[in-house]
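Novice: Once you've had a glance at the structure underneath, I'll fire off some questions.
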Amino acid sequence: MSQTPDSPPLSPPAGFHWRPVQRDDVPAIQQLTIATAAVDKTEGPASPQNIQQIFALLGDEMPRNSLAGLTPAGEIVALAMVFFRPADNERLAMISGTVHPDYRARGLGSYLLAWMEARVQQQAARDNNDQPVRVQTSCADHLQDRITLFGQHGFAPIRYAYKMRHPLAQQIAKTSLPDGLQLIPWHETHSDAARQAFNIAFQDIWGVPEMDTTLWQQFFVGVPQFRPDLSWLVLADETIVAFCINWVNERNQEGWIEAVGVLPAWRGRGVAAALLTQSLHEFQALGLKSAGLDVDTENPTGALQLYEKLGFAAIKRTIFFSKPLN
Numbered sequence: 251m252s253q254t255p256d257s258p259p260l261s262p263p264a265g266f267h268w269r270p271v272q273r274d275d276v277p278a279i280q281q282l283t284i285a286t287a288a289v290d291k292t293e294g295p296a297s298p299q300n301i302q303q304i305f306a307l308l309g310d311e312m313p314r315n316s317l318a319g320l321t322p323a324g325e326i327v328a329l330a331m332v333f334f335r336p337a338d339n340e341r342l343a344m345i346s347g348t349v350h351p352d353y354r355a356r357g358l359g360s361y362l363l364a365w366m367e368a369r370v371q372q373q374a375a376r377d378n379n380d381q382p383v384r385v386q387t388s389c390a391d392h393l394q395d396r397i398t399l400f401g402q403h404g405f406a407p408i409r410y411a412y413k414m415r416h417p418l419a420q421q422i423a424k425t426s427l428p429d430g431l432q433l434i435p436w437h438e439t440h441s442d443a444a445r446q447a448f449n450i451a452f453q454d455i456w457g458v459p460e461m462d463t464t465l466w467q468q469f470f471v472g473v474p475q476f477r478p479d480l481s482w483l484v485l486a487d488e489t490i491v492a493f494c495i496n497w498v499n500e501r502n503q504e505g506w507i508e509a510v511g512v513l514p515a516w517r518g519r520g521v522a523a524a525l526l527t528q529s530l531h532e533f534q535a536l537g538l539k540s541a542g543l544d545v546d547t548e549n550p551t552g553a554l555q556l557y558e559k560l561g562f563a564a565i566k567r568t569i570f571f572s573k574p575l576n
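To get my numbering, take the position in the sequence shown, counting from 1, and add 250.
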């Protein structure tokens with residue numbers, strides 16, 4: 251096995267070459283996602299842009315926080331990535347592993363999990379921090395092999411999320427904003443103020459880290475699918491009190507509501523409904539087939555109930571798993 255100096259000392263399954271992910275692995279990783287999407291019935295393979303986004307999140311730590319398993323022919327059939335995220339009073343690592351369907355049931359999944367856990371432990375020891383360490387991962391609720399594997403390795407389900415979809419064929423009623431509020435199109439000059447509004451609106455929402463300027467670019471406004479022409483801000487006396495960040499998935503002809511948020515003082519007044527119905531109308535005008543979004547089933551703002559009221563229906567459930575490491 252080829253290892254960087256920082257690689258955890260584990261014994262990998264034989265017959266594969268192991269190394270960190272490299273920048274020119276994009277086509278090979280896309281082929282892996284094509285194979286897994288077909289068997290796992292997920293939304294679809296990752297685009298090259300999606301993979302580049304993931305590389306950006308790994309950043310300079312990619313040689314230490316990623317692992318690829320290759321066949322003798324050079325095909326990537328196993329992939330692991332570790333993302334350290336800021337969290338209150340703990341060290342949180344998000345982990346993601348993928349094994350090609352033709353190479354499953356050979357111990358590769360267990361090895362990837364062990365490698366990722368060891369990498370998190372290694373980094374925690376290096377940081378010499380007394381905070382507890384927790385690892386988190388997720389999968390769709392129909393992937394029983396993944397659920398079983400996580401359970402065998404000590405992971406427990408802690409949270410659930412729905413992917414919801416709204417068809418755009420029927421007429422959609424618009425909701426008006428309360429008096430005194432102004433709806434304006436997104437503009438780059440408002441981006442940092444919108445970021446600050448996001449941090450306030452999502453400060454009590456599970457699983458959402460505080461966005462600094464780098465994360466804001468990486469997660470929201472710097473991604474290729476971001477559509478500023480379809481995104482909206484709500485102002486009260488020139489102050490942003492709500493926002494809706496929208497994307498378009500060209501492959502699925504779907505408008506995607508990536509984030510909708512309202513500052514706590516303005517909730518319960520129909521502001522989110524106005525932003526959502528405005529977005530649905532804009533998606534319709536483009537000729538898109540549907541609109542989609544993700545929601546935590548325990549979102550404390552009542553988001554799930556609002557989405558259902560507006561005509562969104564759950565089409566997929568994701569399970570989030572967690573494991574303490576010390």
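Virtual Cβ for every residue (Gly too), placed ideally from N, Cα, C.
What separation, rounded to the nearest whole angstrom, lies between the Cα atoms of Phe400 and Ser572?
Specialist: Numbered from its first residue, the sequence shown carries residue 400 at position 150. Numbered from its first residue, the sequence shown carries residue 572 at position 322. Distance between the alpha carbons of Phe400 and Ser572: 9 Å.
Novice: For Glu532, which of helix, strand or coil comes out of DSSP?
Specialist: Within the sequence shown, residue 532 is the residue found at index 282, counting from 1. Helix.
Novice: What does a CB cutoff of less than 7 Å around Asn577 pick up in its chain, not counting 5 residues either side in sequence?
Specialist: The chain is shown from 251 up to 576; residue 577 falls before or after that span and cannot be answered.
Novice: Does Asp544 come out as helix, strand or coil in the three-state DSSP assignment?
Specialist: Taking the first residue of the sequence shown as 1, we reach residue 544 at position 294. Of the three classes helix, strand and coil, the one that applies to Asp544 here is strand, per DSSP.
Novice: Who are the Cβ neighbours of Gln253 in its own chain at under 6 Å, not counting the five residues just before and after it?
Specialist: For the purposes of this step, residue 253 is identified with residue 3 of the sequence shown, where counting begins at 1. Annotation note: pLDDT 45 at Gln253 (below 50); position unreliable, no value reported.
Novice: From what residue to what residue does the beta strand (DSSP E) around Asn499 run?
Specialist: As a position in the sequence shown, residue 499 is number 249, starting the count at 1. Per DSSP, Asn499 belongs to the beta strand (DSSP E) from Thr489 to Asn499.
Novice: Is Ser346 helix, strand or coil when you go by DSSP?
Specialist: One-based indexing of the sequence shown puts residue 346 at position 96. In the structure shown, Ser346 sits in a strand (DSSP, three-state: E or B).
Novice: Do Gln555 and Lys424 have their CB atoms nearer than 9 Å?
Specialist: Stepping through the sequence shown from its first residue, residue 555 is reached at position 305. Stepping through the sequence shown from its first residue, residue 424 is reached at position 174. Not a contact, by the Cβ cut-off of 9 Å.
Novice: Is the beta carbon of Pro351 closer than 9 Å to that of Val289?
Specialist: Along the sequence shown, read from residue 1 onward, the residue named residue 289 stands at position 39. Along the sequence shown, read from residue 1 onward, the residue named residue 351 stands at position 101. Yes, they are a contact pair.
Novice: Could you pull the DSSP bridge partners for Ile326 from this structure?
Specialist: Taking the sequence shown and counting its residues from 1, one reaches residue 326 at position 76. According to DSSP, Ile326 bridges with Leu320.
Novice: Mind listing, in chain order, the continuous alpha helix (DSSP H) runs of no fewer than 4 residues lying wholly within the stretch 346–379?
Specialist: 358–377
Novice: Anyone know if the C-beta pair for Phe570 and Tyr410 falls short of 9 Å?
Specialist: The residue you call residue 570 lines up with position 320 of the sequence shown. The residue you call residue 410 lines up with position 160 of the sequence shown. Contact: yes.
Novice: Among Phe470, Trp436, Ala486 and Gly430, which residue has its Cα nearest to the Cα of Asp479?
Specialist: Working through the sequence shown from its first residue, we reach residue 479 at position 229. Among Phe470, Trp436, Ala486 and Gly430, the Cα nearest to that of Asp479 belongs to Trp436.
Novice: What's the C-alpha gap between Trp516 and Asp487?
Specialist: By one-based count along the sequence shown, residue 516 stands at place 266. By one-based count along the sequence shown, residue 487 stands at place 237. Rounded to whole angstroms, Trp516 to Asp487 spans 13 Å at the Cα level.
Novice: So, Ala509 versus Phe470, is the Cβ gap smaller than 9 Å?
Specialist: Translated into the one-based positions of the sequence shown, residue 509 becomes position 259. Translated into the one-based positions of the sequence shown, residue 470 becomes position 220. For Ala509 and Phe470, yes; Cβs fall inside 9 Å.
Novice: Just verifying my parser: in three-state terms, what is the DSSP assignment at Asn449?
Specialist: Within the sequence shown, the letter at position 199 stands for residue 449. Of the three classes helix, strand and coil, the one that applies to Asn449 here is helix, per DSSP.
Novice: Pull up the distance between the alpha-carbon of Leu317 and that of Ala355, whole angstroms please.
Specialist: Walking along the sequence shown from the start, residue 317 turns up at place 67. Walking along the sequence shown from the start, residue 355 turns up at place 105. Those two C-alpha atoms are separated by around 19 Å.
Novice: Pull up the distance between the alpha-carbon of Ile434 and that of Asp442, whole angstroms please.
Specialist: Taking the sequence shown and counting its residues from 1, one reaches residue 434 at position 184. Taking the sequence shown and counting its residues from 1, one reaches residue 442 at position 192. Cα to Cα, Ile434 sits roughly 16 Å from Asp442.
Novice: Determine the extent of the beta strand (DSSP E) in which Leu418 is found, giving its start and end residues.
Specialist: For this step, residue 418 is matched to residue 168 along the sequence shown. First-last for Leu418: undefined, no H or E at that position.
Novice: Go ahead and pull the three-state DSSP assignment for Thr551.
Specialist: Stepping through the sequence shown from its first residue, residue 551 is reached at position 301. Thr551: coil per DSSP, three-state reduction.
Novice: Should the stretch 388–408 be regarded as contacting the stretch 537–550, the criterion being three or more beta carbon pairs within less than 8 Å?
Specialist: Contact between the stretch 388–408 and the stretch 537–550 is absent: fewer than three C-beta pairs spanning the two stretches fall below 8 Å.
Novice: Is Gly505 buried or exposed, if buried means 16 or more other CB atoms sit within 10 Å of its CB?
Specialist: Sequence index remark: in the sequence shown, residue 505 carries index 255 (1-based). Under this definition Gly505 is a buried residue.
Novice: Whose C-beta lies closer than 7 Å to the C-beta of Phe452 among residues of the same chain, with five residues either side of it excluded?
Specialist: Mapped onto the sequence shown, residue 452 falls at position 202. These residues qualify, in order along the chain: Val458 and Gly511.
Novice: Going by DSSP in three states, Lys539 sits in which element: helix, strand or coil?
Specialist: Here residue 539 refers to the residue found at position 289 of the sequence shown. In this structure, Lys539 counts as coil in the three-state DSSP scheme.
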